Amino acid sequence: MSNKSDIAKEALILADQALRDLELSEASLTSIALKSSRIARITGNFKMQKIMLYEAGGYPSELTGIPPEINTEIWQLAQRAGRIIKKKKDGAIEEYAETKSIEQLETEINTAKERLQVSQDADVSISSSNPYQVIPPVAGNLRERLSISNLISNTSKLIGQRRAFIYQYLSDTYYELRYSIATDDSFSRIRGIVDKNLSDLVPNALQKFSAISDNLESNNTEDWSNAVHSCRRVLQDLADSLYPAGNDVVKKIDGKDTTIKLGADAYINRIVAYCEENADSERFKEIVGSHMGFLGDRLDAVFKAAQKGSHADIVTREEADRYVVYTYMIVGDLMSLKLDSEK
Numbered sequence: 016m017s018n019k020s021d022i023a024k025e026a027l028i029l030a031d032q033a034l035r036d037l038e039l040s041e042a043s044l045t046s047i048a049l050k051s052s053r054i055a056r057i058t059g060n061f062k063m064q065k066i067m068l069y070e071a072g073g074y075p076s077e078l079t080g081i082p083p084e085i086n087t088e089i090w091q092l093a094q095r096a097g098r099i100i101k102k103k104k105d106g107a108i109e110e111y112a113e114t115k116s117i118e119q120l121e122t123e124i125n126t127a128k129e130r131l132q133v134s135q136d137a138d139v140s141i142s143s144s145n146p147y148q149v150i151p152p153v154a155g156n157l158r159e160r161l162s163i164s165n166l167i168s169n170t171s172k173l174i175g176q177r178r179a180f181i182y183q184y185l186s187d188t189y190y191e192l193r194y195s196i197a198t199d200d201s202f203s204r205i206r207g208i209v210d211k212n213l214s215d216l217v218p219n220a221l222q223k224f225s226a227i228s229d230n231l232e233s234n235n236t237e238d239w240s241n242a243v244h245s246c247r248r249v250l251q252d253l254a255d256s257l258y259p260a261g262n263d264v265v266k267k268i269d270g271k272d273t274t275i276k277l278g279a280d281a282y283i284n285r286i287v288a289y290c291e292e293n294a295d296s297e298r299f300k301e302i303v304g305s306h307m308g309f310l311g312d313r314l315d316a317v318f319k320a321a322q323k324g325s326h327a328d329i330v331t332r333e334e335a336d337r338y339v340v341y342t343y344m345i346v347g348d349l350m351s352l353k354l355d356s357e358k
């Protein structure tokens, strides 16, 4: 089974190919729409997957328009795709969805161009032996040609809009995937440092991170909270290893004596104290201290809420994801600091 990183890389390759096909006209717009549908499917954008399929094959409709039983969903998808057209009828503005497929629109243009060619007036010369006779002009196909020209113009405009819509989707997706992969690669490097060195300090930490990943895959909010609780336990175990609990200390902060708790429950303070005693860079101390303060306070808040049976502070999956990433980043910083101090 492919992981998220592999899926993102596959989608990025497809998006790059589709953009090239579109920019250099190396494939039909219909085939590019189908490739866009695949990109949307493998990235989990199921609404866009449907839209691209409808772009290629046409939106479900009847002679009277979009079927009432699926009117809302199909209408919303057509609206998102920019297929809603406004027309003035009997003094009122009416909206309708253009449901034809890209291929059908392209076929209509080609057929119209052939009709336009056929509708050209014949080169006819008429004369009379009577110099006083007025000869009326031969009736031509001007009206037909104007009608066909308007059809070609309007249909070309629709196809241009389809091309721009697909291009915008592919371009946005391409850059989103590039950013996502770059972020994943950066996180993977940090994770590599953590996975390689953390087990020496905290033997069960990697198993806890594995359990965290499993909890994040769940659709149960309680499991997301458990993932956050596990992050808290990992940091507590790491604090116990790097800076075991000890007596409180008094420090002057802003000219005032301040007691810094370093007991068993003060794992945040102990990690910050470890950084202060081992890091050469003041900036490093400030950054880690700031991150630890924010993350530790939030982890403790979620933990206390769960103890009280409150759901007010139970995190969403996205929030839990952030805390896991923050935890990995902080642990990675601490591992790097420890490795540097041992050189």
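Going by the working numbering, the first residue of the sequence shown is number 16, and it counts up by one from there. The C-beta atom is built at its ideal place from N, Cα and C for all residues, glycine as well. Computed from a predicted model, the values in this text were never measured in an experiment.
Item	Value
Output the distance between the C-alpha atoms of M16 and I22, rounded to the nearest integer angstrom.	Below a pLDDT of 50, predicted positions are generally treated as unreliable, and M16, at 41, falls in that range; no measurement from the model is reported.
Could you round the C-beta distance between R35 and I117 to whole angstroms and report it? I think they count as a contact, below 8 Å.	Incorrect: roughly 19 Å between the Cβ atoms, too far for contact.
Among L314, R98, I28, which one has its Cα closest to the Cα of F180?	R98
What whole-angstrom Cβ distance do Y74 and I89 have, given they're in contact under 8 Å?	6 Å
How about S256 and L216: are their beta carbons less than 7 Å apart?	yes
Looking at I205: is its Cβ nearer than 7 Å to the Cβ of Y343?	yes
Please go through the same chain and pick out, in chain order, the residues whose beta-carbon is closer than 6 Å to the beta-carbon of G261, but skip the five residues on each side of it.	L277
My output table needs one value for V287: the three-state DSSP class, helix, strand or coil.	helix
Could you give the C-beta distance for L231 and D315, rounded to a whole number, given that I count them as a contact under 8 Å?	Going by Cβ atoms, the distance from L231 to D315 rounds to 20 Å, so no, they are not a contact pair.
Give the C-beta separation of D199 and S351 to the nearest angstrom, bearing in mind that I take them to be a contact with Cβ-Cβ under 8 Å.	Going by Cβ atoms, the distance from D199 to S351 rounds to 20 Å, so no, they are not a contact pair.
Can you confirm whether the region 180-189 touches the region 29-49 when touching is taken to mean that 3 or more C-beta pairs between the two stretches lie within less than 8 Å?	yes
For Y190, collect the residues of the same chain with a Cβ closer than 6 Å to its Cβ; drop the 5 residues on either side in sequence, then sort them by chain order.	none
Quick one: Cα of Y236 to Cα of E333, how far?	In the sequence as displayed, the identity of residue 236 is Thr instead of Tyr. Rounded to whole angstroms, T236 to E333 spans 11 Å at the Cα level.
Can you tell me whether R158 is buried or exposed? The criterion is at least 16 other CB atoms within 10 Å of its CB, across all chains shown.	exposed
Which of the three DSSP states is assigned to G347 in this structure?	helix
In three-state terms, what does DSSP make of K172?	helix
From G175 to S43, what distance separates their C-alpha atoms?	13 Å
Closest to K266 by CA distance: which of S162, E291, Y111, L92 is it?	E291
With distances taken from CA atoms, which of N293, T331, Y341 is nearest L354?	N293
Using the beta-carbon count (16 or more within 10 Å), is S51 buried or exposed?	buried
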